[in-house]
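Chemist: Handing you a structure now.
Numbering (the numbering used here), first residue to last: 21 to 484.
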């Protein structure tokens, strides 16, 4: 057992020795029956897009911290060994790299790793030349890897041989990955200009603790994106922090809203759900290819930041699940603004919050007569509705996170949009306003308008 450190050694302990990198680890083609490739390797054909995907093992020693709310953490003890994996997706040609590395804290709520921010923004990262690095810093993620392929992943451990089961080492693991990136030992010599940390939901909760308590002790990241969660953020930090929230997330976050500052932004996307159509499509496709291994001891449907998990889709929600509002379009724009913010100090645009009649938690939302929420970033799918999209649902399992989507009747749609041209004009107006405001990018605007033009919405007998 490690002994507590004396006060004079606390600062020294935060400056842990450099981690060791092994790899890239040899891999077969994703989908191979041997499972001898990175678990949940990217769905995209990366090679055809000029990208590579490689898996490495990282090992070192980590501290345990006391992490009081909104205060610097305190090192409890040090020297705990760990070994885990990182996955690197990067441009093959060095001249395509834009200088920005996004490091994702993989989510383990499903009982295994999910790189949810890649689900949402992976195509944008590829198109704009980012490097993406996925980290498995938590016990549940590591143990599920062993279930999936014990031969490939059997040497991994983030518990100091079973002595630490509360993910206390995860913070230094996440720090060590950034240090390895700074030294280019994970990137084949690419010149790194900035590193952005990101994570969704459970991962955002861990990152919220990290940015408040651990980052000030050993700053290695330039910005943090708290997607779908995260605690209240300290106002004295020297790091850019951006909260990106769906309507579901605002249900718990409204009570701890903070004003925008020179280092902090919040965007809330009306009508979107914590798990939306983009998220679930990626998750299902990966599950069909690689399966859904569950770490031993994980509790199906459980909650929490360490051992939470779920077996997946419940038998039925009380309303049709999954919002159709494309959160990924807003997320892409946020990363674009964040890079500019880091490069030259250009402040991102502010956004109106979703309207609430009570902040709760859970918050109560102000809605129009159809049931769509008011305020917030209002994409055309919400502001020019053909149905009701919400962030709320009830039922078993994870229904509470799935939100809902219910189409209007053809008669309702025709009453709103007497002609197809009227519908297209309304979509175009809202989309161009969102583009001008900076809430979406040009390619997203073009995609939205093209979809409206190709639809059969508006006029007699609209078809969705």
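Note that beta-carbon positions come from the ideal geometry of N, C-alpha and C, so glycine has one too. As the structure is a prediction and not an experimental result, all values here were calculated from the model.
1) How many angstroms separate the CA atom of residue 117 from the CA atom of residue 72?
2) Since residue 432 is in the beta strand (DSSP E), which residue starts that stretch and which ends it?
3) From 163, 135, 150, pick the residue whose C-alpha is nearest to that of residue 224; which is it?
4) Only counting the same chain, and skipping five residues up and downstream in sequence, which positions put a Cβ closer than 7 Å to that of residue 372?
5) Run through DSSP, which three-state label would residue 219 get?
6) Decide if residue 398 is buried, meaning its Cβ has at least 16 other Cβ atoms within 10 Å, or exposed.
7) Check each candidate in 302, 410, 296, 271 and name the one with the smallest Cα separation from residue 380.
8) Expressed to the nearest angstrom, what Euclidean distance is found between the alpha-carbon atoms of residue 404 and residue 459?
9) Can you give the Cα-Cα distance for residue 189 and residue 157, rounded to whole angstroms?
10) Count the C-beta pairs between the region 405-423 and the region 351-367 that are closer than 8 Å, then say yes if the count reaches three, no if not.
11) For residue 356 and residue 461, which I take to be in contact (beta-carbon distance under 8 Å), what is that distance rounded to the nearest angstrom?
12) Taking the Cβ atom as the reference point for each residue, do residue 105 and residue 77 lie within a distance shorter than 7 Å?
13) DSSP has residue 273 in a bridge; who is on the other side?
14) Report the three-state DSSP secondary structure of residue 129 (helix, strand or coil).
15) Which one of 99, 174, 240 has the shortest CA to CA distance from residue 122?
16) May I have the straight-line CA-CA distance separating residue 476 from residue 439, to the nearest angstrom?
17) So, residue 447 versus residue 472, is the Cβ gap smaller than 7 Å?
18) Leaving out five residues before and five after residue 305 in sequence, what residues of the same chain have Cβ atoms less than 8 Å from its Cβ?
19) Starting from residue 308, follow the alpha helix (DSSP H) in both directions and report where the run begins and ends.
20) If you pair each beta-carbon of the region 282-296 with each one of the region 341-352, do three or more pairs fall below 8 Å?
21) Are residue 178 and residue 102 touching if we call contact CB-CB under 7 Å?
22) Cutting at 8 Å between CB atoms, please list the residues of its own chain near residue 408, excluding the five before and the five after it.
23) Distance, Cα to Cα, residue 376 vs residue 387?
24) Can you tell which of 145, 250, 150 has the C-alpha that lies nearest to the C-alpha of residue 226?
25) Looking at the strands, I want to know which residues DSSP matches up with residue 288.
26) Helix, strand or coil, according to DSSP, for residue 40 in the structure here?
Modeler: Looking at the atomic coordinates:
1) Against the chain shown, residue 117 aligns to sequence position 97. Against the chain shown, residue 72 aligns to sequence position 52. Taking the straight line from one Cα to the other gives about 12 Å.
2) By one-based count along the chain shown, residue 432 stands at place 412. Run containing residue 432: none in the beta strand (DSSP E); it sits in the alpha helix (DSSP H), 430-436.
3) Your numbering for residue 224 matches position 204 in the chain shown. It is 135.
4) Position 352 of the chain shown, counted from the start, is the residue given in the question as residue 372. Excluding sequence neighbours, residue 372 sits near 395, 396.
5) If you number the chain shown from 1, residue 219 lands on position 199. It is a strand residue.
6) Indexing the chain shown from 1 puts residue 398 at position 378. Counting Cβ neighbours within 10 Å, residue 398 comes out buried, since at least 16 surround it.
7) For the purposes of this step, residue 380 is taken as residue 360 along the chain shown, with counting starting at 1. Comparing Cα-Cα distances from residue 380 to each of 302, 410, 296, 271, the minimum goes to 271.
8) The residue you call residue 404 lines up with position 384 of the chain shown. The residue you call residue 459 lines up with position 439 of the chain shown. Their Cα atoms are separated by approximately 16 Å.
9) Counting from 1 along the chain shown, the entry for residue 189 is found at position 169. Counting from 1 along the chain shown, the entry for residue 157 is found at position 137. Between the alpha carbons of residue 189 and residue 157 lies a gap of roughly 8 Å.
10) no
11) One-based indexing of the chain shown puts residue 356 at position 336. One-based indexing of the chain shown puts residue 461 at position 441. Correct: roughly 6 Å between the Cβ atoms.
12) Along the chain shown, one-based indexing puts residue 105 at 85. Along the chain shown, one-based indexing puts residue 77 at 57. Yes, these two residues count as a Cβ contact at 7 Å.
13) Here the question's residue 273 lines up with position 253 in the chain shown. Beta-bridge pairing links residue 273 to no other residue.
14) Stepping through the chain shown from its first residue, residue 129 is reached at position 109. Reduced to three states, the DSSP call for residue 129 is coil.
15) Counted from its first residue, the chain shown places residue 122 at position 102. That would be 240, whose Cα lies nearest to the Cα of residue 122.
16) As a first step, residue 476 is located in the chain shown; it is residue number 456 there, counting from the start. As a first step, residue 439 is located in the chain shown; it is residue number 419 there, counting from the start. If you take the alpha carbons of residue 476 and residue 439, they lie about 10 Å apart.
17) Position 427 of the chain shown, counted from the first residue, corresponds to residue 447. Position 452 of the chain shown, counted from the first residue, corresponds to residue 472. Cβ distance < 7 Å, so residue 447 and residue 472 count as in contact.
18) On the chain shown, residue 305 is found 285 positions in, with the first residue counted as 1. The residues are 63.
19) Here residue 308 refers to the residue found at position 288 when the chain shown is read from its first residue. Where residue 308 is concerned, the enclosing alpha helix (DSSP H) stretches over 297-310.
20) yes
21) On the chain shown, residue 178 is found 158 positions in, with the first residue counted as 1. On the chain shown, residue 102 is found 82 positions in, with the first residue counted as 1. Residue 178 is a Cβ neighbour of residue 102, given a cutoff of 7 Å.
22) The residue given as residue 408 occupies position 388 in the chain shown. If we look at residue 408 and ignore the five residues flanking it on each side, its Cβ neighbours are 390, 391, 392, 424, 425, 426, 428.
23) Taking the first residue of the chain shown as position 1, residue 376 is located at position 356. Taking the first residue of the chain shown as position 1, residue 387 is located at position 367. Their Cα atoms are separated by approximately 9 Å.
24) Residue 226 sits at position 206 when you count from the first residue of the chain shown. It is 250.
25) What you label residue 288 is simply residue 268 of the chain shown in a count that begins at 1. In DSSP, residue 288 forms a bridge with 265.
26) Counted from its first residue, the chain shown places residue 40 at position 20. Looking at residue 40 - three-state DSSP - the assignment turns out to be strand.
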